[in-house]
Structures are given as C-alpha cells and as structure tokens.
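Scroll down for the structure; my scribbles are underneath it.
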Amino acid sequence: MKGLTQPLLKKPAPRGSEDEQLLKKFPDGDKEKGATILTTCINLLKNMVGAGLLNVPVAFMYSSVLGGVLDMVLSSVLATGGFLLIGYCCSKTGARSYRALMSVSVGPACGKLIDVMLFFHTLFSCVGYITLIGDFTTKSMSGLMPGSIFATSRAFATVTIVVLIIFPLSLLRDLKSLKPFSAMGLAAIAFSCLYVFYELWATSDENTPMQTISDHWWYVKFDTFKTIALFNGSFSAHYSAPTFYAELKQKSFNRYAQCALWSFGISTILFTVFGVAGFARFGDDVLGNILKSYDPTSIPVQLSWMCMNIATIFVFPIAFQRMRASWTALVNKPLGLHGNSAIPWTTIGLLAASTYFGIAFTDIAVVKLIKGATLGVSIMFIMPGLAFLGISSKGGNYKDFERNFSPEMVRQISPSKEVFDQEPTGMVRAFSYVLVVVGVLQGIFALLSHFKLI
195 MKGLTQPLLK KPAPRGSEDE QLLKKFPDGD KEKGATILTT CINLLKNMVG
245 AGLLNVPVAF MYSSVLGGVL DMVLSSVLAT GGFLLIGYCC SKTGARSYRA
295 LMSVSVGPAC GKLIDVMLFF HTLFSCVGYI TLIGDFTTKS MSGLMPGSIF
345 ATSRAFATVT IVVLIIFPLS LLRDLKSLKP FSAMGLAAIA FSCLYVFYEL
395 WATSDENTPM QTISDHWWYV KFDTFKTIAL FNGSFSAHYS APTFYAELKQ
445 KSFNRYAQCA LWSFGISTIL FTVFGVAGFA RFGDDVLGNI LKSYDPTSIP
495 VQLSWMCMNI ATIFVFPIAF QRMRASWTAL VNKPLGLHGN SAIPWTTIGL
545 LAASTYFGIA FTDIAVVKLI KGATLGVSIM FIMPGLAFLG ISSKGGNYKD
595 FERNFSPEMV RQISPSKEVF DQEPTGMVRA FSYVLVVVGV LQGIFALLSH
645 FKLI
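Residue numbering for the sequence shown follows this note's numbering, starting at 195 and increasing by one per position.
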C-alpha cells in the first residue's frame, strides 16, 4: 500500500537512470531481494497469455491445422530464442534495460532508437488494451446488468475502470508487485478456456469438430504469414525481458532461462490446444475474436467476456511500466522534468492519452498488424540478434568494454567481469544472424500478405 500512496503524499527524491534504480532496488548478490522464479513465471505468462489468446483460432484457418501447429512451433522457438538472447546479453554486460543493452552492444544512438520503438510499441499496446476493456465491459454487462450505464456507455465504463483500478496499478514501479494481479488474470483466463473446451465437447455431435480438423488438415496459402504475425504477437513479452532479468532474485542466466522455458513452453501448449479447439468448433466461420462466434445472450459467454476483461486490466500495467520508463528516458530526463512534483504527472498524462485513443478507436486491427510486423519483429528478433553480434564482435572482453564506453555507463550497468569475459559460441552467433534475417523477412511478408500484394 505504501508503494501506491507515496508518490501522491510526498515529493519523490530525484531518481537515477532506469538501470541505476534497478541496481539499487535489486542489487547483484543479494539473496533476499528480487522476484522468485515462480513470481517471474506468473508475470511472464500473464504478459503473453491475455486477450490475444482469443485471436489464435482464426490463425489456424489461415494456415491449416498442421500448418498452424508448425507455425506455432516456429514462432515459439524463435520467440523463446530471442527472449533468452536478451537475458544472456544482460547477464554478460550487466545491462538492466533494453536501452543500456543496445547502447553497449551497438551504440548510444541505437539505445535511443530502441526506447523510441519500445515507447510506440507499448503505447499501441496500451491503447489496444483500453479499447478491449471498453468492449469487454459493455458486452458482459449487457447481459449481466442490462440497461445499466456500464452496458450502454462504453466511454463511462472505460473511464471508471481506468480511474478506480488501472490508475492505482499503474503507480506500481516494479513487475514483482504485480504477481497477485497476474495470478488473478490467469485464473480469469482459465475460466474462458474451460468454457471453450466444455462447449466444444458438449456440441461435438452436432458440429463434428474432428471432421473439421480432417477437412482443414493441410493446405498452403500466403495467409500463413498472417498466422505467424498473430503468433508472434501472442509471444510478445520481449520489451520487458531486461526488467524480468534485473528483478530476478539471485539473478543468473540459468535461473532466467528456467523462467523463460517454463513460461514459453506452457504458453505454446495453451495457444496450440486452444487454437485448434476453437477452430475445430467453428471451422471457416470462426471470427477474429472467438468469443464473438458464440451466442451473445449466453450467460457463460458473458462471464467469459468479463473474465477476459479482468485479464486485460491486469496485463495493462506491465506494458504501461515499459512505456513510462521509455518516455522518462526520452523526454523527462533530458529536459530535467522528473521529480519536480509530488503528483505523478507522467503517469497521469500517459494514462490519459492511452484512455482517450482507446475510447476514440473501436477497431485497431490494422494498427496491431503493422505494429507487429515492424516494431514487434524488431524488438523480438532483430534487436536481440544485433545486440549479441555487437557484444561478441566489439566488446568481447571487459577491458574493451571499459575502454569503449564512458565511466557513467560502466557505473550504471555494473557489468560482471567474470561473465563478460565468457566467449560466445559460433552457434549462438549463427542463431543471432538467423533471428535478424527471419525478423526482417517475417515483417515484410506479413505486410505484403495483409495488403494483398502477394
């Protein structure tokens, strides 16, 4: 509770950079401070498994059942590899933010570029979450509380939820604090998943799901690139990867890798089973949001809308923390604006902007696809690959690092000499090149496919 009220009651002390704050709050070697593996897995799972889960079934229509499974495996392997590569580079250099990682690996200009990319990526995510919250609230309340203002006024429902729930959560400044809310979000998602599985089983005689799977088992279309783009969006948690590593208790790459492998593995299984089940139920009639394929007057469907609303509310702060940190690094710090007021103006301003655009726009599908095909693939694949290639080529030992970068940068990230001097393997370099090339090609083909140029 103290963390929620302190910014409103007391003028905050001037803060250092994001890396300095994380180093002070979660110092290396401290066995007591930090998030456990379980806490990290819960937050990471919640970051990935959210409202995007509802879009997975339609992806199997684009690529066939077997093609969708193969695309899922490909996306999972590449996304997991990119996430692991970010953690490895952080463990190697001591970087605790994406900005610091790209600054020490590629150059200071790339550090600023990644913050710009992270800001707009998470801004679009937050706007999308607000749009979904408004839609989910009115759809669920139209049946559960018909005639109420929450069922009839999307704007009123959205603003009320933002002020009473999202704003207090947005004041939290570390991912560890979000564990209970992430757990509640995952429980809410479980209800929606169970309903989809139960309804598939209950109507199997009427809808013949096995026949649907058989009829759509294998075909090849250019739309498979839409499938890959959708799956990449589902696995997108890479913007917070350095923070997950920095907040990990007894941080090491091995512990970070355990969190990543468990979380991405569980997500892959859930996405695949849920996607195939949803597609088997509706076949070619499946909609982009599978809940829209069901009877809107059904109470279980309305409860599912409410559960997905809860899940979306609790994933919002994860993206918002990253957006605020990037804005602070790009605007507040250079202009000396941070810490001048006891009122969290940055949080209020960014939340107000996200809320306004989230209410103003009702369909952001095209924006989401373009974001995924440009910013998404850059953050997930291209930048992690470039980071490792940069570190292994120009900063392969600690002395080179100290010589090439300023004392301030060395002080901020506090690199470990023992870890930094570990030599990378040729296989990891090769995988880094693959990530960069695949990221570029995926983005290009996803855009070409969407705009029907191929």
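Yeah, the Cβ is synthetic: ideal placement off N, Cα and C, and Gly gets one too.
If distances are taken between C-alpha atoms only, which option among the options comes closest to residue i?
i: N237; options: A513, W395 and F361; result: A513
i: I422; options: V271, K240, K227 and R623; result: V271
i: I359; options: S643, T568 and N503; result: N503
i: V252; options: L647, F419 and A451; result: F419
i: G288; options: L247, Q636, F551 and L216; result: L216
i: T549; options: F350, K240 and Y256; result: F350
i: S457; options: Q444, L481, S428 and A440; result: S428
i: G566; options: L317, A303 and W412; result: L317
i: Y323; options: S446, F447, K562 and P302; result: K562
i: L728; options: T234, D417 and D489; result: Since the displayed the chain opens at 195 and closes at 648, residue 728 lies outside it and no answer follows.
i: G262; options: S386, Y413 and G281; result: Y413
i: I537; options: L365, Y392, F425 and T397; result: L365
i: N241; options: L569, F625 and F510; result: F510
i: G223; options: A435, L278, K443 and Y439; result: K443
i: K227; options: T522, A440 and I507; result: A440
i: I327; options: S211, V357 and V300; result: V357
i: F508; options: K286, C320 and F313; result: C320
Please report the straight-line C-alpha distance between residue i and residue j, rounded to a whole angstrom.
i: V632; j: C284; result: 22 angstroms
i: L202; j: T556; result: Confidence at L202 is low in this model, with a pLDDT of 44, below 50, so the placement of that residue is unreliable and no value is reported for it.
i: G637; j: D368; result: 31 angstroms
i: R449; j: T437; result: 14 angstroms
i: V628; j: G579; result: 8 angstroms
i: L635; j: F375; result: 37 angstroms
i: V571; j: S342; result: 42 angstroms
i: Q200; j: P362; result: With a pLDDT of only 49 at Q200, under the threshold of 50, the placement of this residue in the model should not be trusted, and no figure is reported.
i: Y433; j: S291; result: 9 angstroms
i: V259; j: K415; result: 12 angstroms
i: L247; j: I460; result: 13 angstroms
i: F220; j: K370; result: 11 angstroms
i: M335; j: K527; result: 43 angstroms
i: D399; j: R475; result: 11 angstroms
i: A519; j: W499; result: 31 angstroms
i: L641; j: W411; result: 26 angstroms
i: A554; j: T540; result: 21 angstroms
i: G543; j: F330; result: 24 angstroms
i: G584; j: M311; result: 19 angstroms
i: L485; j: A454; result: 29 angstroms
i: Q515; j: M404; result: 43 angstroms
i: K225; j: D213; result: 19 angstroms
i: N649; j: I463; result: Any property of residue 649 remains undetermined from this structure, which presents the chain solely from 195 to 648.
i: A396; j: S408; result: 20 angstroms
i: D265; j: N426; result: 10 angstroms
i: V630; j: F582; result: 11 angstroms
i: Y389; j: V267; result: 25 angstroms
i: M577; j: G305; result: 10 angstroms
i: M517; j: S492; result: 37 angstroms
i: G337; j: E393; result: 19 angstroms
i: R293; j: T406; result: 47 angstroms
i: F645; j: F639; result: 10 angstroms
i: P490; j: L295; result: 47 angstroms
i: G530; j: S211; result: 12 angstroms
i: L391; j: R348; result: A quick correction: the sequence has Phe, not Leu, at residue 391. Going by the C-alpha atoms only, they are around 30 angstroms apart.
Tell me where the alpha helix (DSSP H) around residue i begins and ends.
i: M266; result: V259 to T287
i: D417; result: Run containing D417: none; DSSP gives neither H nor E here.
i: V390; result: K373 to A396
i: V632; result: G620 to H644
i: E441; result: Careful: E441 lies outside any alpha helix (DSSP H) and carries neither H nor E.
i: P221; result: Neither: P221 is in no alpha helix (DSSP H) and is coded neither H nor E.
i: K370; result: Looking at the DSSP string, K370 is not in any alpha helix (DSSP H), and its letter there is neither H nor E.
i: I327; result: P302 to L338
i: P511; result: I493 to W521
i: R293; result: Y292 to S299
i: K240; result: I231 to M242
i: L363; result: F361 to S364
i: T352; result: R348 to I355
i: P538; result: Segment: none, P538 is in no alpha helix (DSSP H) and carries neither H nor E.
Mind reading off the beta-carbon distance from residue i to residue j? Whole number of angstroms is fine, and I expect it under 8 angstroms.
i: M621; j: G276; result: The pair is not a contact, with the Cβ atoms about 15 angstroms apart (cut-off 8 angstroms).
i: F465; j: V250; result: 5 angstroms
i: I231; j: Q452; result: 6 angstroms
i: S269; j: D417; result: So it is not a contact: roughly 15 angstroms between Cβ atoms.
i: G552; j: T325; result: 5 angstroms
i: L497; j: F344; result: Not confirmed; about 15 angstroms, so no contact.
i: I383; j: C501; result: 7 angstroms
i: Y488; j: V480; result: Their Cβ separation, rounded to whole angstroms, is 11 angstroms, which puts Y488 and V480 out of contact at 8 angstroms.
i: F254; j: F473; result: 4 angstroms
i: L380; j: V525; result: The Cβ separation is near 34 angstroms, so there is no contact.
Under 8 angstroms between C-beta atoms, does residue i make it to chain D?
i: P374; result: The structure shown contains no chain D; it holds only a single protein chain.
Is the closest heavy atom of the ligand FAD to the C-beta of residue i under 7 angstroms?
i: S336; result: In the structure on display, the ligand FAD does not appear, and there are no ligands present to speak of.
**Study point:** Uninterrupted alpha helix (DSSP H) stretches inside the stretch 555-590 (no shorter than 4 residues)
**Key:** 559-565 and 577-588
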